[in-house]
Amino acid sequence: MNTKQRTIKMLPLLVGLVVALIVPLIVGKNQYNMVLVTTVLFYGVLATAWNIIGGMAGQLDLAAWAYLGLGAFTSGTLLLRWNVTPWLGMILGGLVAAGFAALVGYPLFRFGVKEVWYALSSAALVEVLRVAFLMWDEVGGPVERYLPFHRASWYHMRFASYVPYYYIVLGLLLIALFVNYRISRSKLGYYLLALGESEDAAEVIGVDARACKLKALMIYAFIVGATGAVYACLFGFIHPSFFNTAQSTEVAILGIIGGMGIVYGPLLAAIILVSGREFMRANLGSSLESLYLAIYAVVLIVIALFRPQGIAPLFRKAYDWLLSRVVGERYAA
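Residues in the sequence shown are numbered from 0 upward in steps of one, following numbering that gives the first Met the number 0.
What follows is the structure, encoded as structure tokens:
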């Protein structure tokens with residue numbers, strides 16, 4: 000592939016990055032719209048991180064919001080008790096989430112828990128943590144703990160506008176995409192894809208399934224935990240409701256619909272489905288607010304029946320077709 004072909008192939012990424020950078024210039028004055036686009040990027044980060052353990056390794060993990068809650072509580076508690084900046088809280092929250100993932104994941108992988116049993120175990124983890132934090136008075140128990148309010152404080156990651164949060168989440172998304180890309184091109188990525196196809200066959204050729212899946216789980220948990228620190232600052236409080244099973248399931252659905260193992264697939268699904276969900280919430284009223292769940296179910300069934308690879312390959316084919324019409328077959332190939 001020559002330089003011109005490589006540039007053309009990278010064009011969607013460059014255009015997407017430019018659009019993402021200028022979005023606040025277009026909608027920045029409308030705070031609701033800023034919350035909307037920030038939420039879309041936020042789910043893009045979670046689904047992209049999930050792609051490491053779910054898409055590549057083939058583990059149906061339903062514990063995203065367990066790690067997010069751990070990151071949020073770690074950062075929020077450090078800020079409230081010792082005035083530790085959330086920037087450091089992001090790293091510490093990610094480490095706590097990754098450490099907890101290792102603590103839980105090791106016995107699961109050690110005893111070969113997989114498929115539906117792994118999914119049920121990860122979903123149960125979210126609920127166990129929710130109840131535990133509700134009963135843990137030292138971190139607030141059932142009471143919402145509000146973070147200090149500052150109109151503009153980078154140290155406390157607190158702003159009167161949502162624009163800074165948008166760019167912070169965009170930065171996390173770029174990091175998550177980069178990590179996904181690097182893993183997909185590494186030995187670990189090839190091992191994870193082999194495990195996702197057939198764990199028994201991969202082990203026969205020498206792949207250490209337990210070690211590879213544990214690494215993937217910890218990387219995923221670290222990214223989600225760090226994102227949880229930003230989530231707490233964005234909404235200004237921490238509460239056990241952050242440990243949410245339904246939203247954890249939604250993250251997995253986005254990863255599946257987008258395209259398991261495809262770097263940009265979960266982000267595409269987040270842009271389409273989360274935007275649609277927020278639009279319905281804003282325009283259909285509370286009586287039909289949960290309609291998006293039915294739509295998710297229908298889309299998931301259709302994808303499973305007709306496009307098990309997800310929607311990302313459709314976009315890839317459409318882009319290749321457009322290139323062949325605009326610049327010719329030689330550069331689209």
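Every residue gets a Cβ at the ideal spot worked out from N, C-alpha and C, and that includes glycine.
As the structure is a computational prediction, the values presented were derived from the model and not from experiment.
Item, Value
"Same chain only: Cβ atoms within 7 Å of Leu192, ignoring 5 sequence neighbours per side", "Met55, Gly260"
"Outcome for Tyr190 when other beta-carbon atoms lying within 10 angstroms are tallied against a minimum of 16", "buried"
"Every unbroken beta strand (DSSP E) inside the region 138 to 212 [3 residues or more]", "none"
"Proximity of Tyr66 and Ala101 at Cβ, strictly below 8 Å", "no"
"CB of Gly70 within 8 Å of CB of Gly224, strictly", "yes"
"Beta-carbon gap between Ile237 and Gly93 smaller than 8 Å", "no"
"Ala200 to Leu187 span [Cα, whole Å]", "16 Å"
"Residues that DSSP places opposite Phe236 in a beta bridge", "Tyr145"
"DSSP three-state assignment for Trp81, whether helix, strand or coil", "helix"
"Through-space distance from Ile300 to Leu40, alpha-carbon basis", "25 Å"
"Bounding residues of the alpha helix (DSSP H) (the contiguous stretch that carries Met55)", "No alpha helix (DSSP H) holds Met55; DSSP gives it neither H nor E."
"Extent of the continuous alpha helix (DSSP H) run through His298", "Note that residue 298 is Val in the sequence shown here, rather than His. Taken as a continuous stretch (DSSP letters only), the alpha helix (DSSP H) holding Val298 covers 290 to 305."
"Whole-Å CB distance - Leu79 paired with Arg144, under 8 Å assumed", "6 Å"
"Backbone CA spacing between Glu198 and Ala208 [nearest angstrom]", "7 Å"
"Pro265 and His155 closer than 8 Å at C-beta", "no"
"Residues near Trp42 in its chain [Cβ-Cβ closer than 8 Å; skip 5 each side]", "Strictly speaking, residue 42 in this sequence is Tyr, with Trp absent from that position. These residues qualify, in order along the chain: Glu249, Val250, Leu253, Ala269, Val273."
"Residue span of the alpha helix (DSSP H) that contains Tyr117, given as start and end", "115 to 134"
"Reference Ser160; option with closest CA among Ile7, Leu24, Ile310", "Leu24"
"Alpha-carbon spacing of Tyr31 relative to Ile52, whole angstroms", "33 Å"
"Cβ-based neighbour list, Phe242, same chain, cut-off 7 Å, excluding 5 preceding and 5 following", "Trp64, Ala65, Gly68, Val125, Leu128, Arg129, Phe132"
"Proximity below 8 Å, CB of Met167 to CB of Val229", "Checking the sequence, you will find Ile at residue 167 rather than Met. In contact: Ile167 and Val229 (Cβ atoms closer than 8 Å)."
"Range covered by the alpha helix (DSSP H) that runs through Ala268", "264 to 268"
"Residue nearest to Ser121 in terms of C-alpha spacing, selected from Leu233, Trp81, Pro106", "Pro106"
"For Val262 and Leu176, believed in contact at Cβ under 8 Å, the rounded distance", "6 Å"
"Residue closest to Tyr165, alpha-carbon to alpha-carbon, out of Thr38, Arg109, Ser152", "Thr38"
"Within 8 Å, strictly: CB atoms of Leu35 and Glu277", "yes"
"Classification of Phe72 by the beta-carbon crowding that lies within 10 angstroms, buried from 16 upward", "buried"
"Contact with chain B by Tyr66, beta-carbon distance below 8 Å", "The structure shown contains no chain B, having only a single protein chain."
"Sub-8 Å separation of Ala231 and Ser74 beta-carbons", "yes"
"Cutoff 7 Å; reference Gln246; Cβ partners in own chain excluding five residues on either side", "Trp64"
"Ser152 classed as buried or exposed, judged by whether at least 16 other C-beta atoms fall within 10 angstroms", "exposed"
"Among Pro163, Phe314, Leu61, Met89, the one whose alpha carbon lies nearest that of Trp116", "Leu61"
"Helix, strand or coil at Gln30 according to DSSP, with G and I counted as helix", "helix"
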